[in-house]
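Going down the list, the protein sequences come from chains A and B. Per the numbering used here, the very first residue in the first sequence carries number 98; after that it's consecutive. Per the numbering used here, the very first residue in the second sequence carries number -11; after that it's consecutive.
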Amino acid sequence: MKHWVFFAASFMVLLSGCCCKFTKKREMKKRDEQVSKDEKQRNWSKIPTQILELILSRLSRADFYRFGEVCTSWRHVFKQSIIYRSPSPLPSMPLLLLYRLHLFNDIKTGLFSLIDRKMYFPRIPFFQGSNLHCLGSINGWLIMIDTNATRLSSSSSNSNHHRFPSFFFWNPIPNARVMLPSRINIPYRANWYKLFSKLKASSGPDSPDCLVAALFTGQHNIAFCRPHDESWNIIYVENNNPNAVFADIELLYGKCYVLTETLNYRNITSILVYDLQESYSSSSPPKAKVLISQLHQQVEYNSPNIRDLIFQNHQLFFYLASDSISGILYLILIIVDYNNVHPIEREFIVYKVDNFNNVPMLVRVMDLNGGILFLSHRDSKIVPSSTLTGHEDLIRGNNIYYAHVYPYTENCPLMPRIVKFCMTSGRINHIPLPNPELGSEPTCLWFNPTIW
Amino acid sequence: MAEEKSQASSSKMLTLKASDGVLFEVELNIAKEMKTVQAYIDDCEDIETIPIPNVLGKHLAIVIEYIKKTNEEYDAEFEKQWNMDDLQLLLLAANYLNISGLQECLCKAIAKRIENKSPEYVRKVFNIENDHSPEEEAKLRKEYKWAFEGVDKD
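This is how it looks when you write it as structure tokens:
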């Protein structure tokens, strides 16, 4: 009896084992068939749009564009994101926009990328013709002046008094323009763009609080406006001190800060502040308030060797910069050594404007609150390092990327120089540009293109 | 019976049934991370077994483990274990089940695989056919050439 039970039991086990094997084989065959149906690997072109959009939102600007090139379904999602302005790519490092006038009046525009240290020449004619000049940039916009566009007022005949250039914000990627007022009550001149040192905007033109300030070259006044104004407002200084020249401007929270210097020895003297926003609400022209005076003394107090350096053939360059997130106004001093073949930046000293017992003063700082400063003659912008993605050396905070075109000398051709200054270590590294062609009066500024 | 009841009141268990019939018993708070499941529970309160028709047992197991263990370190290592097919199925599962943390983790992983790579390389890795017409492709290249900065060698 026992044997029979045992035999029956083992037979059942064997049978069930065979059955298992049988079903397993059948399952495996099914799976194989399925696999061969789907091809060996799953195809990513057909995944849901929602997922593709999530992926897009995690790509840098360049990857964002390349995404559109992969296949037609990915391109569709890419195009939709441009139309609906969402999702947007991750913020990227600005490019250095270089445009120069060739000897034969041919404008060439180059974009230099810090990421791969290559120069790109966009097919889009950034600056077609010699009448377009770039005087500043904010977010994805370039602030332009077109000296050819003339507007003759109704009452004019041949009078030059009524010819004005046109000013506008320009986003070269979607080729969008936002006009600024062109009426500006100054006598007509042939080289309008030389009249202005820079144009500074508080935000892009899509923001309702957008303010634009213009710094006149070597003068002691500024002009300001908003995109929908009828004309620019020019601020004329009351007590005309011919020795006080406006060297730089910066906008922060509706106020315009002005760095003044003496005409001859280029000693910085003070920081003035104009409340532009308040002037709009009160409809009266803004009056200058002195924020800090005796600026040079404050700088010398921090770096007593400056006076010696000037005599040793060094030059001092001063720039204003602001961080709209932290609300800090910075003054940057760059000491350049002219004793060699090429000018060499020797030292960067950064101050912030701080309040001690309600008195604004310059305080030397060793960091930018984690920000990265992109500096050029035409523009300064501080980008929080936490918003950037990329190689950690590149996006590390408290660094200054400075691009400058030094005036032509016999030994120093007109090539822009880029240096990177690390505030933490004090190290200055020169970033070489790949052989750009020479030209007269090249201009460089940091530009962060956006898709819309 | 009393024991079961007290167990139920402290941590209610829910059964999830994958598309291939595999059953998973999970705690309520784990299941709630899947917003799709949460919606199901909201609609029919007394439900004990929830069908997940779009996800294989293999992937549901991985998803459940992710929810239980997720933290920064786990996330960083998580995506490295899977091949492209599994990544896609996990991503589709996370999307269907509406688990935002897992979706983000996986999308970040995909973005990393795309970062600084040429479109040709991306097509290879993701098994995508280039269905652009040659004219379209040439036009795209010209339009945004400056955007093709910093591409790694394939």
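Heads up, the beta-carbon is just placed ideally off N, CA and C, and yes, glycines get one too.
Whether residue i touches residue j by CB criterion (8 Å)
| i | j | result |
| --- | --- | --- |
| VAL480/A | GLY468/A | yes |
| ASN466/A | ASP420/A | yes |
| SER170/A | LEU153/A | no |
| PHE445/A | ILE425/A | no |
| ALA418/A | SER477/A | yes |
| PHE12/B | ILE52/B | yes |
| GLU166/A | LEU128/B | yes |
| TYR84/B | THR37/B | no |
| GLU108/B | ILE55/B | no |
| GLY233/A | LYS297/A | yes |
| PHE266/A | PRO302/A | yes |
| PRO186/A | LEU156/A | yes |
| ILE403/A | SER367/A | no |
| SER294/A | CYS307/A | no |
| PRO324/A | VAL387/A | no |
| ALA385/A | LEU369/A | yes |
| PRO188/A | LEU470/A | no |
| ILE365/A | LEU392/A | yes |
| ILE497/A | PHE518/A | yes |
| CYS541/A | LEU211/A | no |
Contacting residues, own chain, Cβ-Cβ under 8 Å from residue i (five flanking each side not counted)
| i | result |
| --- | --- |
| ILE319/A | ALA310, ALA311, LEU312, PHE313, ILE331, ILE332, PHE343, ILE346, CYS353, VAL355, TYR371 |
| PHE218/A | LYS205, THR206, GLY207, LEU208 |
| ASN42/B | SER7, LEU80, ALA81, TYR84 |
| ILE407/A | LEU413 |
Chain-order list of residues whose beta-carbon lies under 7 Å from that of residue i (same chain, five-residue window excluded)
| i | result |
| --- | --- |
| PRO262/A | ILE242, ASP243, THR244, ALA246, SER279, TRP289 |
| LEU148/B | Past the edges of chain B, shown from -11 to 142, lies residue 148/B, and the structure says nothing about it. |
| TYR28/B | ILE35, ILE38 |
| GLY315/A | VAL342 |
| THR58/B | GLY89 |
Chain A residues whose Cβ lies nearer than 9 Å to that of residue i
| i | result |
| --- | --- |
| ASP63/B | Those do not exist, as ASP63/B stays about 14 Å from chain A at its closest Cβ, beyond 9 Å. |
| LEU128/B | TYR162, GLY165, GLU166, ARG172 |
| VAL51/B | Chain A residues near VAL51/B: none, gap ~15 Å exceeds 9 Å. |
6 Å CB neighbourhood of residue i in its chain, flanking five on each side removed
| i | result |
| --- | --- |
| ASP434/A | HIS411, ILE441, ARG443 |
| ASN228/A | ASP243, THR244, ASN245 |
| THR521/A | ASN495 |
| LYS(-7)/B | With a pLDDT of 44 at LYS(-7)/B, under the threshold of 50, the predicted position of this residue should be treated as unreliable, though the coordinate-derived value follows. Cβ within range, chain order: n/a, list empty. |
| ARG461/A | ASN399, TYR448 |
| CYS231/A | LEU239, MET241 |
| PRO531/A | MET216 |
| PHE414/A | ILE431 |
| HIS527/A | VAL516 |
Where residue i meets chain A, residues with beta-carbon distance less than 7 Å
| i | result |
| --- | --- |
| PRO107/B | ARG163, GLU166, VAL167 |
| ASN83/B | PRO145, GLN147, ILE148 |
| VAL14/B | In chain order: nothing, as chain A lies at least about 24 Å away. |
| LEU192/B | One cannot answer for residue 192/B here, as it falls past the ends of chain B, which runs -11 to 142. |
| GLN76/B | ARG139, TRP141, ILE144 |
| VAL110/B | VAL167 |
| GLN91/B | LEU151 |
Under 7 Å from the C-beta of residue i: neighbouring residues of chain B
| i | result |
| --- | --- |
| GLN138/A | MET72, ASP73, ASN115 |
| ILE613/A | With chain A represented from 98 up to 549, any question about residue 613/A goes unanswered, as that position is not in the structure. |
| ARG155/A | CYS95, LYS96, ALA99 |
Distance between beta carbons of residue j and residue i, contact taken as under 8 Å
| i | j | result |
| --- | --- | --- |
| VAL502/A | PRO539/A | 5 Å |
| ILE102/B | ASP160/A | 6 Å |
| LEU44/B | ASP8/B | 5 Å |
| VAL10/B | LEU2/B | With 8 Å as the limit, VAL10/B and LEU2/B do not qualify as a contact, their Cβ atoms being about 15 Å apart. |
Chain-ordered chain A contacts of residue i [CB-CB under 8 Å]
| i | result |
| --- | --- |
| HIS120/B | GLU166, CYS168, THR169, ARG172 |
Contact with chain C by residue i, beta-carbon distance below 8 Å
| i | result |
| --- | --- |
| ASN104/B | Any reference to chain C falls outside this structure, whose protein chains are A and B. |
heavy atom of the ligand COA below 7 Å from residue i C-beta
| i | result |
| --- | --- |
| THR359/A | This structure does not include the ligand COA; it has no bound ligands of any sort. |
(Q) My parser needs the alpha helix (DSSP H) runs of 4 or more residues fully inside the segment 447 to 493 of chain A; what are they? (A) Whole alpha helix (DSSP H) segments, 4+ residues: 489 to 492.
Q: Would you mind listing the alpha helix (DSSP H) stretches within the segment 139 to 172 of chain A that are 4+ residues and don't spill past its ends, in chain order?
A: Annotation: the segment 139 to 172 of chain A contains the following complete segments of the alpha helix (DSSP H) (minimum length 4 residues), in chain order: 146 to 153, 158 to 164.
Q: Pick out the complete alpha helix (DSSP H) segments inside the segment 347 to 387 of chain A, 4 residues or longer, and give them in chain order.
A: DSSP assignment within the segment 347 to 387 of chain A yields the following whole alpha helix (DSSP H) runs of 4 residues or more, N-terminal first: 373 to 379.
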